[in-house]
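Peer 1: Take this structure first; my questions come after.
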Amino acid sequence: MLTFTIRRLVLAVPTLLFISLVIFLLLQLAPGDPMAQVPLTVPPEVKQQMREALGLGQPIHIQYFKWIIQFFWIEPLSGIDALFGTGLAEGKLRVISWQTRSPVIDIVIQRLPQTLWVVGVAYVVGILIALPIGIISAYRQYSIFDQAGTFITMIGFSVPPFFSGVLVIVIFSVQLGWFPSIYDTMHVVDDWASFKVQIWQMFLPVMVLALQITSQISRFMRASMLDNLSHDYVRTARAKGLSEASVVLVHVLRNSMIPVVTVIALGVPSIFGGAIITEQVFKVNGIGQLLITAIQANDLPMVQTLTFIFAILIVLFNLIADVLYGLLDPRIRYD
Amino acid sequence: MTELSDPLDIDRPPSNRWMEVWRQFRAHKGAMAGAVVFGFIILGVFLGPFAYPHDDQYLPSGRDFITLRDTRPIYVALWDPSAKVNWYYVLGTDNLGRDNLARFLSGGRVSISVGLTAMILSIVLGTFVGLIAGFFRLCDGPLMRLTDLFLALPILPLILVASVLFRESLALSLGPEMGTFLLIVGLIGLTSWMQTARIVRGDVLALKEREFILAARSIGTTPRNLILNHILPNVMSPILVSATLGIATAIITESALSFLGFGFPPDFPTWGKLLNDAVDRMTLYPERVIWPGTLISLTVLSVNYLGDGLRDALDPRSRSR
Numbered sequence: 194m195l196t197f198t199i200r201r202l203v204l205a206v207p208t209l210l211f212i213s214l215v216i217f218l219l220l221q222l223a224p225g226d227p228m229a230q231v232p233l234t235v236p237p238e239v240k241q242q243m244r245e246a247l248g249l250g251q252p253i254h255i256q257y258f259k260w261i262i263q264f265f266w267i268e269p270l271s272g273i274d275a276l277f278g279t280g281l282a283e284g285k286l287r288v289i290s291w292q293t294r295s296p297v298i299d300i301v302i303q304r305l306p307q308t309l310w311v312v313g314v315a316y317v318v319g320i321l322i323a324l325p326i327g328i329i330s331a332y333r334q335y336s337i338f339d340q341a342g343t344f345i346t347m348i349g350f351s352v353p354p355f356f357s358g359v360l361v362i363v364i365f366s367v368q369l370g371w372f373p374s375i376y377d378t379m380h381v382v383d384d385w386a387s388f389k390v391q392i393w394q395m396f397l398p399v400m401v402l403a404l405q406i407t408s409q410i411s412r413f414m415r416a417s418m419l420d421n422l423s424h425d426y427v428r429t430a431r432a433k434g435l436s437e438a439s440v441v442l443v444h445v446l447r448n449s450m451i452p453v454v455t456v457i458a459l460g461v462p463s464i465f466g467g468a469i470i471t472e473q474v475f476k477v478n479g480i481g482q483l484l485i486t487a488i489q490a491n492d493l494p495m496v497q498t499l500t501f502i503f504a505i506l507i508v509l510f511n512l513i514a515d516v517l518y519g520l521l522d523p524r525i526r527y528d
Numbered sequence: 008m009t010e011l012s013d014p015l016d017i018d019r020p021p022s023n024r025w026m027e028v029w030r031q032f033r034a035h036k037g038a039m040a041g042a043v044v045f046g047f048i049i050l051g052v053f054l055g056p057f058a059y060p061h062d063d064q065y066l067p068s069g070r071d072f073i074t075l076r077d078t079r080p081i082y083v084a085l086w087d088p089s090a091k092v093n094w095y096y097v098l099g100t101d102n103l104g105r106d107n108l109a110r111f112l113s114g115g116r117v118s119i120s121v122g123l124t125a126m127i128l129s130i131v132l133g134t135f136v137g138l139i140a141g142f143f144r145l146c147d148g149p150l151m152r153l154t155d156l157f158l159a160l161p162i163l164p165l166i167l168v169a170s171v172l173f174r175e176s177l178a179l180s181l182g183p184e185m186g187t188f189l190l191i192v193g194l195i196g197l198t199s200w201m202q203t204a205r206i207v208r209g210d211v212l213a214l215k216e217r218e219f220i221l222a223a224r225s226i227g228t229t230p231r232n233l234i235l236n237h238i239l240p241n242v243m244s245p246i247l248v249s250a251t252l253g254i255a256t257a258i259i260t261e262s263a264l265s266f267l268g269f270g271f272p273p274d275f276p277t278w279g280k281l282l283n284d285a286v287d288r289m290t291l292y293p294e295r296v297i298w299p300g301t302l303i304s305l306t307v308l309s310v311n312y313l314g315d316g317l318r319d320a321l322d323p324r325s326r327s328r
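Protein chains in written order, with the working numbering: chain A, 194 to 528; chain B, 8 to 328.
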């Protein structure tokens with residue numbers, strides 16, 4: 194198991210390098226000039242100097258190499274500096290945003306908590322709703338609960354978040370006035386009342402994201418339970434006199450959780466993708482919204498960094514899913 | 008197995024496989040409903056302009072602009088007698104006085120065309136990669152690694168970035184509409200072929216070991232004919248299912264792009280774009296949000312049901328139902 198994990202970790206390096214190359218080349222080869230926003234009154238020689246300061250004069254492979262060094266060496270070092278107060282990265286050039294002229298990572302770290310709060314809570318809520326629905330739907334297959342559950346998950350699967358989000362805003366915050374439609378990120382939670390306000394404003398975005406997660410996971414849970422319920426070991430467990438609850442909730446559930454857990458792990462990165470849209474609808478200033486504004490402002494370093502962070506998340510959770518699968522299912526032997 | 012117990016069925020001449028699939032498909036209520044709704048939407052969107060010949064780009068000018076802009080759908084008059092309605096504009100007009108229904112129809116034409124074309128592109132790519140990887144052992148490793156790499160790409164951010172970066176140059180060379188159309192179709196197609204490739208490869212690997220392939224090979228069939236005549240027809244069913252589901256993903260991705268403002272040019276309506284334009288004034292004119300949103304959701308829902316039914320009908324293991 195350990196060797197497998199290490200082998201996967203080593204294999205992740207070329208994957209990440211390939212993705213970084215794709216992102217880098219996409220942005221470099223694209224027509225469009227990062228200096229296009231500079232006013233026309235700036236003389237050409239000054240423009241040339243600015244170009245060189247941005248590292249745009251050099252050949253592409255040197256630019257790529259420098260970017261990789263900045264991203265994988267200087268940024269972690271300055272992270273250590275910030276944590277322990279050391280001076281490892283002092284004087285080194287960090288990845289600088291063209292919009293704000295401050296290090297990209299600092300801005301990302303400012304924005305990350307908002308995204309993590311909304312996305313994380315939504316993911317947990319979604320899973321907590323999905324699992325019981327999937328279990329009951331499979332146990333009572335073709336019952337009214339199952340039919341209704343399948344229909345609702347199909348709807349949650351099909352209604353895109355940019356419509357469900359707008360719809361719940363129209364219904365719950367405009368017509369009924371129950372929830373705020375805009376997520377206030379300046380809100381500080383320090384006592385019970387402000388905590389309640391926080392819950393209140395998180396409710397709509399979390400529910401919109403959770404609906405999607407629930408639909409995907411409960412479909413998987415149902416299929417996996419159905420698959421296991423018809424196995425011989427279930428009949429054996431019933432025949433030896435186990436109670437129905439322990440047959441379903443211990444024997445069957447444990448076995449059907451194996452594929453579901455990997456699906457849950459694999460779904461984490463795509464949820465960050467979905468959060469891009471949800472953040473736009475509810476005006477949450479998380480990293481999704483940061484990406485959109487960076488693309489619109491032609492802020493290449495920011496876009497590169499954010500896209501790459503998304504890629505790292507995907508590779509990381511793929512790895513976690515693979516390892517979890519091996520841990521949970523003793524039949525799978527990697528070596 | 009119901010047909011064996013049914014005495015009437017024994018006299019029936021043996022039907023071919025697709026008749027059997029059609030029979031299975033018809034028994035699936037959700038799939039039939041999905042097929043009917045999707046067919047209706049396609050017909051409405053492509054033939055609707057003949058029944059409702061309003062110009063979606065017509066801008067009233069002068070005093071007409073004041074009287075014709077921001078009219079509500081005619082059904083609003085049922086509960087709000089003071090609403091500004093105009094019987095000529097069934098679903099009202101937008102803030103520039105353009106006909107909403109005509110815009111929904113032409114927006115749907117774009118959205119569904121994007122969905123279908125992107126799906127075809129991704130299916131062709133995925134089938135090609137899957138067939139080559141499954142059939143030629145030498146190509147299997149590299150092609151599947153490539154598929155894995157593509158699966159690890161952050162799709163939505165990359166599509167967003169690429170659509171901004173390449174829009175202008177394509178619009179210059181092909182015109183704003185055609186350029187954006189090809190760009191979006193290409194981006195969606197290039198980033199969604201991986202699942203099909205994996206499924207097709209798995210099926211081809213299993214098929215390759217079967218006797219009929221050995222027989223065909225032993226009478227000297229060339230690899231090209233072997234793939235086209237013997238393997239491809241046998242992997243058609245998973246390809247059909249992922250094609251159906253591919254339409255749904257493509258439509259959602261296109262609408263999401265348009266919704267975020269990275270899709271088609273402003274005067275070129277698609278469902279996602281219409282939805283995005285209407286969000287700012289959704290409290291006053293909720294219909295402009297609800298109609299395009301419902302149309303997107305209904306299309307995707309019907310396509311998903313269609314795919315589910317197709318999967319059940321084409322999968323021999325679920326035949327016993």
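Quick reminder that beta carbons are idealized off the backbone N, C-alpha and C, glycines included.
Pick from L404(A), A430(A), L512(A): whose alpha carbon is nearest that of D155(B)?
Peer 2: L512(A)
Peer 1: Three or more C-beta pairs under 8 Å: does that hold for the region 495 to 509 of chain A against the region 192 to 209 of chain B?
Peer 2: no
Peer 1: How long is the line joining the alpha carbons of G46(B) and P269(A), rounded to whole angstroms?
Peer 2: 55 Å
Peer 1: Classify H444(A): buried if its beta carbon has 16 or more other beta carbons within 10 angstroms, exposed otherwise.
Peer 2: buried
Peer 1: Should V43(B) go down as buried or exposed, given a rule of 16 or more other Cβ atoms within 10 Å for buried?
Peer 2: exposed
Peer 1: In chain B, which residues lie less than 8 Å from T500(A) when you measure between Cβ atoms?
Peer 2: P161, P164, L165, V168
Peer 1: Tell me the DSSP secondary structure of D155(B) in three-state form.
Peer 2: Helix at D155(B).
Peer 1: Apart from the five residues on each side of it in sequence, which residues of its chain come closer than 8 Å, Cβ to Cβ, to G358(A)?
Peer 2: Within the same chain, G358(A) has close Cβ partners L397, P398, V401, I470, T471, V474, F475.
Peer 1: Give the secondary structure of R205(B) by DSSP, where H, G and I count as helix, E and B as strand, and everything else as coil.
Peer 2: Helix.
Peer 1: Report yes if the C-beta distance between L98(B) and Y59(B) is below 8 Å; otherwise report no.
Peer 2: no
Peer 1: Q334(A) and L442(A) look like a contact to me (Cβ under 8 Å); what is the Cβ gap, rounded to whole Å?
Peer 2: At roughly 17 Å, the Cβ-Cβ gap does not stay under 8 Å, so Q334(A) and L442(A) are not in contact.
Peer 1: Use the C-beta contact count for V496(A): other C-beta atoms within 10 angstroms, 16 or more gives buried, fewer gives exposed.
Peer 2: buried
Peer 1: Which word fits P240(B), buried or exposed, when buried means at least 16 other C-beta atoms lie within 10 angstroms of its C-beta?
Peer 2: Exposed: under 16 other Cβ atoms inside 10 Å.
Peer 1: Counting only C-beta atoms, is G342(A) closer than 8 Å to chain B at any point?
Peer 2: no
Peer 1: For G278(A), report the span of its alpha helix (DSSP H) as first-last.
Peer 2: That residue, G278(A), is in no alpha helix (DSSP H); it is neither H nor E in DSSP.
Peer 1: Below 8 Å on the Cβ atoms is my contact criterion, and I expect L214(B) with I220(B) to pass it. Report the Cβ-Cβ distance as a whole number of Å.
Peer 2: 6 Å
Peer 1: Any idea if A432(A) is buried or exposed, counting beta-carbon neighbours within 10 angstroms, 16 or more meaning buried?
Peer 2: exposed
Peer 1: In terms of alpha-carbon separation, which member of Y82(B), N236(B), L212(B), S113(B) lies closest to L54(B)?
Peer 2: S113(B)
Peer 1: Once DSSP output is grouped into helix, strand and coil, what is the label at T308(A)?
Peer 2: helix
Peer 1: If you run the structure through DSSP and keep just helix, strand and coil, what is D420(A)?
Peer 2: helix
Peer 1: Since R126(B) meets chain A, which of its residues come closer than 7 Å, beta carbon to beta carbon?
Peer 2: Reading off the sequence shown, one finds Met at residue 126(B), where the question assumed Arg. Result: empty, since nearest Cβ-Cβ is about 16 Å, beyond 7 Å.
Peer 1: Residues of the region 262 to 287 of chain B in Cβ contact with chain A at a cutoff of 7 Å, in chain order, please.
Peer 2: S262, A263, F266, L267, L282, V286
Peer 1: If you run the structure through DSSP and keep just helix, strand and coil, what is R30(B)?
Peer 2: helix
Peer 1: Can you find a C-beta in chain B that's less than 8 Å from the C-beta of Q473(A)?
Peer 2: Interface residue, yes.
Peer 1: Can you give, in chain order, each stretch of the alpha helix (DSSP H) that sits fully within the region 97 to 155 of chain B and has at least 4 residues?
Peer 2: 107 to 142
Peer 1: Can you name the residues that DSSP bridges to P67(B)?
Peer 2: In the DSSP output, where bridge partners are listed per residue, P67(B) has none listed.
Peer 1: Judging by CA-CA distance, which residue of R144(B), W278(B), V117(B), V92(B) is the nearest neighbour of L305(B)?
Peer 2: If we check each option's Cα against that of L305(B), W278(B) comes out closest.
Peer 1: Considering only residues of the same chain and omitting the five flanking positions on each side of P452(A), which have a CB-CB separation below 6 Å?
Peer 2: So the qualifying residues of the chain are S417.
Peer 1: Suppose the cutoff is 7 Å on Cβ atoms and the five residues either side in sequence are ignored; what does the same chain contact list for R328(B) look like?
Peer 2: Caution is warranted here: a pLDDT of 39 is assigned to R328(B), below 50, making its placement in the model unreliable, and the coordinate value is therefore given only provisionally. Taken in chain order, the list of residues that qualify is empty.
Peer 1: So is R328(B) in contact with chain A if we call contact Cβ pairs under 8 Å?
Peer 2: Its pLDDT being 39, under 50, R328(B) is placed unreliably by the model, and the measurement read from it follows with that caveat. Answer no: the Cβ-Cβ gap between R328(B) and chain A never drops below 8 Å.
Peer 1: Taking C-beta pairs closer than 8 Å, name the residues in chain C that F413(A) reaches, listed in chain order.
Peer 2: Within the model displayed, chain C is absent; protein chains A and B are what it includes.
Peer 1: Can you grab the Cα-Cα spacing for the pair L281(B) / F344(A), in whole Å?
Peer 2: 27 Å
Peer 1: F355(A) and F271(B) look like a contact to me (Cβ under 8 Å); what is the Cβ gap, rounded to whole Å?
Peer 2: So it is not a contact: roughly 16 Å between Cβ atoms.
Peer 1: Using a Cβ-Cβ cut-off of less than 7 Å, give me the residues of the region 479 to 491 of chain A that come near chain B, in sequence order.
Peer 2: L484, I485, I488
Peer 1: Return the residues of the region 503 to 524 of chain A that lie within a Cβ-Cβ distance of less than 7 Å from chain B, sorted by chain order.
Peer 2: F503, A504, I507, V508, N511
Peer 1: Can you grab the Cα-Cα spacing for the pair R318(B) / L321(A), in whole Å?
Peer 2: 29 Å
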